[in-house]
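Just add 2 to the spot in the sequence shown (first one is 1) and you have our numbering.
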Amino acid sequence: MPEILKNSLQQNVKISNRARVMQASPLRKLAATAEVRKKQGVKVYHLNIGQPDLPTATIVYETIYKLGKPTLAYAPSAGINQTITAWKNYFKHVGIDFDESEIIVTSGGSEAIIFAMCAICDAEDEIIVFEPFYTNYNGFATIANVKLHPVPLSISNGFHLPDISEIEKHINKRTKGILFTNPSNPTGTVYTKDELRRLVTIAQKHNLYLLADEVYREFNYDSEFYSIMNFDEVKNQTILLDSCSKRFNVCGARIGALASHNKDIINSAFKFAMARLSVATIEQLAIIPLLNNPDEYINPIVDEFRKRRDAVYEYLKTIPNITYYKPEGAFYIVIGLPVKDSEDFCKWLIEDFEHNKETVLIAPAQGFYATPDKGINEVRLAFTIKIEELIRALEIIKLALEKYKNR
Ligand SMILES: Cc1ncc(COP(=O)(O)O)c(C=O)c1O
């Protein structure tokens, strides 16, 4: 267990407020319980995390074995030239034109998001997010000393965006941008062109930046994906936050990108990048073949996740009294359960319930909300295990709900 999770023995030295309010993973305690159950011989199905189970393409390792660099040197701060060119090629492939000078290679999408927040906000400035949102945005905002201002979405329309006037109610003098995930983690919602146009209209009217987290771009199952980068009228206001992690199944490589046509944003991100020196050299080189030939690697992954999405959606129809919708993308769904407090249910499920020596770990959705008491009966499931296992895990949840009700 990291030291930060224990009480400090040094009474006279204090940590910062920022460190105190920094959230630990909302799942930390439940994950620890899952490990205890495993030691007791109980099989635990993990539907709690966005770490896909599929193998990484062998070309990644082949590239690494072939490198044979005499010195493992720092890479340039903005990224290795060939890696930047590979990102440019990939963007072109998905219909987005960037020049090499408009791309900074980052340590995952995570660093790109932090750089973007730091580039547009001073301390205590605000960024609008749509709630529920990717829980680590909270942590990034704490690091960047930025306030997230949540705009509530509703499970009743599959977490699609409200109309312009509703979003505008949340804009104030300190608002600098709108950060959105498309396709969404945790909801799997894919925004339509019309919804994106609403954001464009608001950004133009209020001079805001649009921070587009499109790390799940290809995980879009039912229609053509429309990127915010396709709206030329806000070219100078958009910042694209991207990552190889999910689409290529290389989460551990930690390769992402920040891209923008706005030179001030790129220059700022470059200064932040210089301060942290560089992104890992070996991984930057290892992912080049993937970015240069995306379809070959991404299509099988997306096909598998589409099947999983369909299987989950079909099975959910058999569970009584839950609220759900068909997620259009990514590999997550938020479900409303017939319970008062989903945190209590998730805890009970992993601590006390088992069926034929098997149980499930799922994420209570409260961790994806900033507004207290929102999402209190909701959970998020990730489809990151095989279909047979997913179905078995859902069956266990169904049995558990029945027993929980009758406790
Ligand atoms: C919506 C979203 N954005 C960004 C990230 C960051 O991923 P990475 O830093 O691995 O690129 C994740 C990871 O789960 C995510 O779900």
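Virtual Cβ for every residue (Gly too), placed ideally from N, Cα, C. Given the structure is predicted, the values throughout are model-derived calculations rather than measurements.
Using a beta-carbon distance below 9 Å, is N251 in contact with chain C?
-> The chain inventory of the structure shown lacks chain C, comprising one protein chain alone.
For V341, the nearest candidate out of H357, N140, F333 and I324 (CA to CA) | Of H357, N140, F333 and I324, the residue nearest in Cα terms is I324.
Closest residue to F132 among K94, G110, G81 and T191 (Cα-Cα distance) = With distances taken between Cα atoms, F132 lies closest to T191.
Taking the alpha carbon of H95 as the point to measure from, which residue in D297, E404, P302 and F347 has its own alpha carbon closest?
-> Minimum Cα distance to H95 is reached at D297.
Length of the line joining the Cα atoms of T60 and P291 = Roughly 11 Å between the two C-alpha positions.
Terminal residues of the beta strand (DSSP E) in which R2 lies = Because the chain is modelled from 3 through 409, residue 2 falls outside the range shown and cannot be assessed.
Is V62 helix, strand or coil by DSSP?
-> In the structure shown, V62 adopts helical secondary structure according to DSSP, grouped into three states.
Could you work out which residue in N408, N140 and E353 is closest to G44 when comparing CA atoms only?
-> The sequence given here places Val at residue 44; Gly does not occur at that position. With distances taken between Cα atoms, V44 lies closest to E353.
Where the beta strand (DSSP E) through K178 begins and ends = Boundaries of the beta strand (DSSP E) around K178: T177 to T183.
What residue ranges within the region 208-274 form continuous beta strand (DSSP E) runs of no fewer than 3 residues, ordered along the chain?
-> As far as the region 208-274 is concerned, its whole beta strand (DSSP E) runs of at least 3 residues are 211-215, 240-245 and 257-261.
S280: first and last residue of the uninterrupted alpha helix (DSSP H) it sits in = Looking at the DSSP string, S280 is not in any alpha helix (DSSP H), and its letter there is neither H nor E.
Using the DSSP secondary-structure output, state which residues sit across from S79 in a beta bridge.
-> Answer by DSSP bridge pairing: none, since S79 is not bridged.
With C-beta atoms as the reference, is G111 less than 9 Å away from V217?
-> Contact: yes.
Could you tell me which residues DSSP pairs with K149 in its beta bridges?
-> Partner(s): E128.
Nearest-residue set for ligand 1, Cβ under 6 Å from any heavy atom | That gives G52, G110, G111, S112, Y136, T183, N187, D215, V217, S245, S247, C253 and G258.
Same chain, Cβ closer than 7 Å to T137, neighbours up to 5 away in sequence not counted | Here the set comprises P28, G369 and F370.
Report all residues from its chain with a CB closer than 7 Å to the CB of K178; omit the five preceding and five following residues, and keep chain order.
-> Closer than 7 Å at Cβ, skipping near neighbours: I122, C123, D127, E128, I129, L210 and Y211.
According to the neighbour-count rule (16 or more other Cβ atoms, all chains shown, within 10 Å of its Cβ), is I303 buried or exposed?
-> By the 16-neighbour rule on beta-carbons within 10 angstroms, I303 is buried.
Length of the line joining the Cα atoms of L155 and K376 = Near 10 Å, if we compare the C-alpha coordinates of K376 and L155.
Expressed to the nearest angstrom, what Euclidean distance is found between the alpha-carbon atoms of N295 and K407?
-> N295 and K407 have their C-alpha atoms roughly 51 Å apart.
By DSSP, does Y67 sit in helix, in strand, or in coil?
-> Three-state result, Y67: helix.
On the premise that A261 lies in contact with F93, defined as a C-beta separation below 8 Å, what is that separation, rounded to the nearest angstrom?
-> Rounded, the Cβ-Cβ distance is 7 Å, consistent with contact.
Which residue or residues does DSSP assign as beta-bridge partners of A365?
-> Beta-bridge analysis with DSSP links A365 to R382.
What are the boundary residues of the alpha helix (DSSP H) that V96 is part of?
-> Note, V96: premise wrong, no alpha helix (DSSP H); not H, not E.
Pick out whichever of F142, L49, E64 and I399 has its Cα sitting closest to the Cα of R20.
-> Checked all of F142, L49, E64 and I399; the closest Cα to R20 is F142.
Bounding residues of the beta strand (DSSP E) (the contiguous stretch that carries G338) = From DSSP, the beta strand (DSSP E) with G338 extends over Y334 to G338.
Using DSSP bridges, identify the partner residues of H48.
-> Beta-bridge pairing links H48 to L363.
Opposing strand residues paired with H357 [DSSP bridges] = E360, per the DSSP bridge assignment.
Does DSSP put V15 in a helix, a strand or coil?
-> Here DSSP, grouped into helix, strand and coil, assigns V15 to coil.
Taking all protein chains shown into account, decide if A26 is buried (16 or more other Cβ within 10 angstroms of its Cβ) or exposed.
-> Exposed: under 16 other Cβ atoms inside 10 Å.
Length of the line joining the Cα atoms of N147 and F274 | Near 15 Å, if we compare the C-alpha coordinates of F274 and N147.
Cβ shell of F221 (< 8 Å), same chain only, five flanking positions each side left out = Non-local C-beta neighbours of F221 in its own chain, meaning closer than 8 Å and more than five positions away in sequence, comprise P185, K248, R249, V304, F307, G331, A332 and F333, ordered along the chain.
Kindly give me the distance between the Cβ atoms of T108 and I166, rounded to whole angstroms, as I take these residues to be in contact under 8 Å.
-> With a Cβ gap of about 31 Å, T108 and I166 do not count as contacting.
Going by alpha carbons, who is nearest to D196 out of N232, L69, V46 and G258?
-> Out of N232, L69, V46 and G258, N232 has the C-alpha closest to the C-alpha of D196.
Who are the Cβ neighbours of K349 in its own chain at under 7 Å, not counting the five residues just before and after it?
-> Apart from the 5 residues on each side of it in sequence, K349 sits with its Cβ closer than 7 Å to the Cβ of L32 in its chain, given in chain order.
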